[in-house]
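Only one structure is covered here, and it is reproduced in the block below.
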Amino acid sequence: MNAYRGLAIIFGFYALGEFGSSVFNLSIPGSVLGMLFLLAALITGVVQLEWVENEAELFVKNMSVMFIPPGVGIILYISLLKSQLVPVVGALLVSFLVTLITTAKVVELLRGEGR
Amino acid sequence: MNPYGIALTLIVFYVFSEVHARRKAFYTNPVLLSIATIAAFLWFGGFSYDSYMESAGILKFLLGPAVVSLAVPVYRGLDTIKAYWKEITAGITVGGIVAILSAFYTAEVLGGSSNVLLSIAPKSVTTAIAIGISEKIGGIPALTAVLVILTGILGNAVGPELLNVFRVRDRVARGLAMGVTSHGLGTARILLEDEIAGGVSGLAMALNGVFTALVLPYLIKVL
Chain R
3 MNAYRGLAII
13 FGFYALGEFG
23 SSVFNLSIPG
33 SVLGMLFLLA
43 ALITGVVQLE
53 WVENEAELFV
63 KNMSVMFIPP
73 GVGIILYISL
83 LKSQLVPVVG
93 ALLVSFLVTL
103 ITTAKVVELL
113 RGEGR
Chain A
2 MNPYGIALTL
12 IVFYVFSEVH
22 ARRKAFYTNP
32 VLLSIATIAA
42 FLWFGGFSYD
52 SYMESAGILK
62 FLLGPAVVSL
72 AVPVYRGLDT
82 IKAYWKEITA
92 GITVGGIVAI
102 LSAFYTAEVL
112 GGSSNVLLSI
122 APKSVTTAIA
132 IGISEKIGGI
142 PALTAVLVIL
152 TGILGNAVGP
162 ELLNVFRVRD
172 RVARGLAMGV
182 TSHGLGTARI
192 LLEDEIAGGV
202 SGLAMALNGV
212 FTALVLPYLI
222 KVL
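Respectively, the protein sequence lines represent chains R and A. When the letters of the first sequence are read in order and numbered with our numbering, they come out as residues 3 to 117. When the letters of the second sequence are read in order and numbered with our numbering, they come out as residues 2 to 224.
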């Protein structure tokens, strides 16, 4: 088992995604584009699942800790947050409720008709 | 390079992960508690964010390859996607767009500034992708990160109960709604209830992330 093969593939597709996103001036993040490229490579068999699965799992399972440094950046925006508390909290609650129920009802409707 | 930022992050996260392992509840979310603790430490200790990020920034960089790695769970879920392709397509298209529009317009009506609107629009998407979208469209990635986690915590805390109130019983509908609305934290909760709902939820989270990344930057230009 060579972990470098998996890491090389993952970082290679990440670089490819960033490259594609900047060269074609896309609004899609390079990481998402890289993920689509890797998915296409897995589906077409260019990349075998066992070449990347262990390393990919390591990244996916440990993603949480990576959110902390960008999240701590909130201290730079405390005064903005204070003045924008009502729109922020309001939008969070309203959008959560509306999205949850709309999605559930649309899918439920579709399921009911299918039977 | 100073090592204190990464050391502080790992120590604080380790401690709160242990707390969470012992008391699994939405209010022991280790990421949110770590952000709050480190932010308070920097704020009251008079340390600069830049000096903290000098080494902690490595962890943020790893979000890129982590998002690329999401291709593996999606690839593994291809059979589930094929089995429920209609439900998944409808749920993600409707849910993904409703999530963006409802957040954007509610914030606007309540007097939100444009950088707040841009930061809150991707809040239903898994954190790593949301941060990437926020950076691309000119939002505040830090604010997006915190809002995404809060959205996840909401779903984790009250999602299934709200679905009960609105009498949603279908497990595929419940799973899709949780994944599209509150990403990983919602998925973790619905997985406890039902394996099929959990599997659909996890896929919905990843696919909604891709869908939102493709649609939101162009949608925002016309809003």
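All C-beta atoms in this analysis are idealised placements derived from N, C-alpha and C, irrespective of residue type, glycine included.
Annotated three-state conformation of Gly199(A) is helix, per DSSP.
Using a 10 angstroms sphere on the CB of Gln86(R), the tally of other CB atoms reaches 16 or more, which defines it as buried.
Residues of the same chain with a CB within less than 6 Å of the CB of Ile221(A), apart from the 5 flanking positions on each side, are Ile138 in chain order.
The beta-carbon of Glu196(A) is placed no less than 7 Å from the nearest beta-carbon of chain R. Following the DSSP letters along the chain, one finds Thr182(A) inside the alpha helix (DSSP H) bounded by residues 172 to 194. Counting C-beta pairs closer than 8 Å gives fewer than three between the segment 39 to 55 of chain R and the segment 20 to 32 of chain A, which falls short of the contact rule. Those residues of the segment 43 to 64 of chain A placed with their C-beta closer than 8 Å to a C-beta in chain R are Leu43, Trp44, Tyr50, Tyr53, Met54, Ala57, Gly58, Leu60, Lys61, Leu63, Leu64, ordered along the chain. Rounded to whole angstroms, the separation of the alpha carbons of Gly140(A) and Tyr50(A) is 18 Å. About 5 Å separates the Cβ atoms of Ala57(A) and Ile7(A), confirming a contact at the 8 Å cut-off. The beta-carbon of Leu87(R) is placed no less than 7 Å from the nearest beta-carbon of chain A. The shortest C-alpha to C-alpha distance from Phe69(R) to any of Pro74(A), Phe42(A), Leu151(A), Tyr76(A) is the one to Leu151(A).
Shown here, Ala84(A) sits in a helix according to DSSP, grouped into three states.
Here Pro72(R) really is in contact with Lys61(A); their C-beta atoms are around 5 Å apart, less than 8 Å.
Look at the segment 198 to 210 of chain A: the residues with a C-beta under 8 Å from a C-beta of chain R are Gly210.
Glu52(R) has a beta carbon lying at 7 Å or more from every beta carbon in chain A. Shortest Cα-Cα distance from Ala207(A) to any of Ser115(A), Gly156(A), Glu162(A), Ile89(A) involves Ile89(A). For Asp80(A), the closest Cβ of chain R is not nearer than 7 Å. Across the structure, Val54(R) and Ile191(A) are spaced so that their CA atoms are roughly 28 Å apart. For the C-beta of Val48(R), not a single chain A residue is nearer than 9 Å; the gap to the nearest is close to 12 Å. Those residues of the segment 86 to 109 of chain A placed with their C-beta closer than 7 Å to a C-beta in chain R are Lys87, Glu88, Ala91, Gly92, Val95, Gly96, Val99, Ala100, Ser103, Ala104, Thr107, Ala108, ordered along the chain. Under a 10 Å Cβ-count criterion, Asp171(A) is classified as buried, with 16 or more other Cβ atoms of the shown protein chains found around its own Cβ. Here the C-alpha atom of Val169(A) lies approximately 14 Å from the C-alpha atom of Asp195(A). Remark: C-beta atoms of Val109(R) and Ala108(A) do not approach each other more closely than 7 Å. Counting C-beta atoms within 10 angstroms of its own C-beta, Ser24(R) has fewer than 16 neighbours from the protein chains shown and is therefore classed as exposed. In the structure shown, Lys222(A) adopts helical secondary structure according to DSSP, grouped into three states. Sorting Thr127(A), Ser52(A), Glu55(A), Phe17(A) by C-alpha distance to the C-alpha of Ala37(A) places Phe17(A) at the top. The beta carbons of Val90(R) and Ile121(A) sit about 7 Å from each other, so the pair counts as a contact at 8 Å.
Residue range 142 to 166 is occupied by the alpha helix (DSSP H) that includes Gly153(A).
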